[in-house]
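Below is one structure, written out as structure tokens, with a few remarks after it.
In the working numbering, the protein residues as written are 358 to 626.
What follows is the structure, given as structure tokens:
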């Protein structure tokens, strides 16, 4: 019997990560696969319902990708900045928003800290980024976001909830290696990420695994989304007539169906 071959799991490096995302970041045909393209309205909706957002705030999208979330902030008047480890992606974002009056530019770097001043931003978003970071990059990234935020500034993180990484592995027959198809290297539970943020100078306001698609702006009811739409409108109604206060009474705990998107709103302390 022929012995079964066991592929080697890829050891990602900063260089291979940059090459991976430079490649994908310059392919407009995969834009629809980006998380903030799919649920950008929902992300903004969630921040508003937590009461952790203002149109007057200065915003940094840390790990901005092609800028789909930044588009939403720019459209409502926020002054916006971007950062990404992929220089190819940053070139694309700067070209895309070059004529917008509230666009202040994006930068790329292979190391931290980056060029922005400390205590500068009211809000730093970090969407689907932490799960891509190598062990030595994770603490430095959280320290950098903390440095960039104003005192009591808001950090907004999303990551897959308790993801089974091996379920999304793909195989390369040319080098006999396997790797996560979109370069995830770690998975988080609610406790994992809450403890991690608390250890890096943040007070967690909201940390829930939810269905972000339920919060999307387009709520046209069809036979395919009746259940999700009914839950959305019912939760919105309940949040108005009987809002749930967070532990910090300045904020709210919006109702939303349980789902695969781990969303965390935290305040710099």
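Beta carbons are placed, not taken as given, at the ideal position from N, Cα and C, and that holds for glycine.
**Request:** State whether the region 612–621 contacts the region 503–518, with contact taken as three or more CB pairs (one from each stretch) at a distance under 8 Å.
**Result:** yes
**Request:** Kindly indicate which three-state DSSP category residue 508 falls into: helix, strand or coil?
**Result:** On the chain shown, residue 508 is found 151 positions in, with the first residue counted as 1. Correct three-state label for residue 508: strand.
**Prompt:** What distance in whole Å lies between the Cβ atoms of residue 482 and residue 323, which are believed to be in contact at a cut-off of 8 Å?
**Reply:** A question about residue 323 goes unanswered here, because the residues of the chain that appear run from 358 up to 626.
**Message:** Please classify residue 601 as buried or exposed, where buried requires at least 16 other C-beta atoms within 10 Å of its C-beta.
**Reply:** Mapped onto the chain shown, residue 601 falls at position 244. Exposed is the call here.
**Request:** Ignoring anything shorter than 3 residues or poking outside the region 456–482, list the beta strand (DSSP E) runs there in chain order.
**Result:** 460–465
**Item:** Own chain partners of residue 527 with C-beta closer than 6 Å, once the 5 adjacent residues on each side are dropped
**Value:** As a position in the chain shown, residue 527 is number 170, starting the count at 1. Only 538 meet the Cβ criterion.
**Asked** Assuming residue 378 contacts residue 480 under a Cβ cut-off of 8 Å, what Cβ separation, rounded to an integer in Å, is found between them?
**Response** Translated into the one-based positions of the chain shown, residue 378 becomes position 21. Translated into the one-based positions of the chain shown, residue 480 becomes position 123. In fact, because the Cβ distance is near 23 Å, the residues do not count as touching under 8 Å.
**the region 443–459 contacting the region 374–392, beta-carbon criterion three pairs below 8 Å** = yes
**Request:** Mind listing, in chain order, the continuous alpha helix (DSSP H) runs of no fewer than 4 residues lying wholly within the region 363–393?
**Result:** 371–382
**Where the alpha helix (DSSP H) containing residue 608 begins and where it ends** = Residue numbering aside, residue 608 sits at position 251 when the chain shown is read from its first letter. Taken as a continuous stretch (DSSP letters only), residue 608 belongs to no alpha helix (DSSP H), as it is neither H nor E.
**Message:** On the CB-based measure, 16 or more other CB atoms within 10 Å of its CB, does residue 454 come out buried or exposed?
**Reply:** Reading the chain shown from its first residue, position 97 is the one you call residue 454. Buried.
**Prompt:** Just curious, the beta strand (DSSP E) that residue 622 is in, first and last residue?
**Reply:** Start at 1 with the first residue of the chain shown, and residue 622 comes out as number 265. Per DSSP, residue 622 belongs to the beta strand (DSSP E) from 618–625.
**Request:** Give, in chain order, every unbroken run of the beta strand (DSSP E) that is at least 3 residues long and sits entirely within the region 495–574.
**Result:** 506–517, 526–529, 534–537 and 559–567
**Prompt:** Helix, strand or coil: how does DSSP classify residue 417 here?
**Reply:** The residue given as residue 417 occupies position 60 in the chain shown. Strand, per DSSP.
**Request:** Please work out which residues of its chain come closer than 8 Å, Cβ to Cβ, to residue 616, disregarding the five sequence neighbours upstream and downstream, and give them in chain order.
**Result:** Position 259 of the chain shown holds residue 616. So the qualifying residues of the chain are 518, 566, 567, 568, 569, 570 and 571.
**Item:** DSSP beta-bridge partners of residue 436
**Value:** Here the question's residue 436 lines up with position 79 in the chain shown. Looking at the DSSP assignment, residue 436 forms a beta bridge with 415.
**Request:** Please list, in chain order, all residues of the same chain as residue 500 whose beta carbon is under 7 Å from its beta carbon, the five residues on each side excluded.
**Result:** Locating residue 500 in the chain shown gives position 143, where the first residue counts as 1. 557.
**Prompt:** Since residue 408 is in the alpha helix (DSSP H), which residue starts that stretch and which ends it?
**Reply:** Here residue 408 refers to the residue found at position 51 of the chain shown. Run containing residue 408: none; DSSP gives neither H nor E here.
**Request:** Figure out for me which residue from 531, 588 and 535 has the closest Cα to the Cα of residue 364.
**Result:** Within the chain shown, residue 364 is the residue found at index 7, counting from 1. Minimum Cα distance to residue 364 is reached at 535.
**Prompt:** Quick one: Cα of residue 442 to Cα of residue 370, how far?
**Reply:** On the chain shown, position 85 is the one that residue 442 refers to. On the chain shown, position 13 is the one that residue 370 refers to. Using only the alpha carbons, I get a separation of about 12 Å.
**Item:** Nearest-angstrom Cα separation, counted from residue 530 out to residue 358
**Value:** Numbered from its first residue, the chain shown carries residue 358 at position 1. Numbered from its first residue, the chain shown carries residue 530 at position 173. Reliability fails at residue 358, whose pLDDT of 48 lies under 50, so the model's placement of it is uncertain and the value that follows must be treated cautiously. So the two alpha carbons sit approximately 21 Å from each other.
**Message:** Within a Cβ cutoff of 8 Å, which residues of the same chain sit near residue 410, ignoring the five residues on either side of it in sequence?
**Reply:** Position 53 of the chain shown holds residue 410. So the list reads 401, 404, 480 and 511, once near-sequence residues are dropped.
**Integer-rounded CB distance, given that residue 612 should sit under 8 Å from residue 592** = Counting from 1 along the chain shown, the entry for residue 592 is found at position 235. Counting from 1 along the chain shown, the entry for residue 612 is found at position 255. That belief holds up - the Cβ atoms of residue 592 and residue 612 are roughly 4 Å apart, short of 8 Å.
**Prompt:** Taking just the CA atoms, how far does residue 466 sit from residue 504?
**Reply:** Taking the chain shown and counting its residues from 1, one reaches residue 504 at position 147. Taking the chain shown and counting its residues from 1, one reaches residue 466 at position 109. Their backbone Cα atoms lie some 16 Å apart in a straight line.
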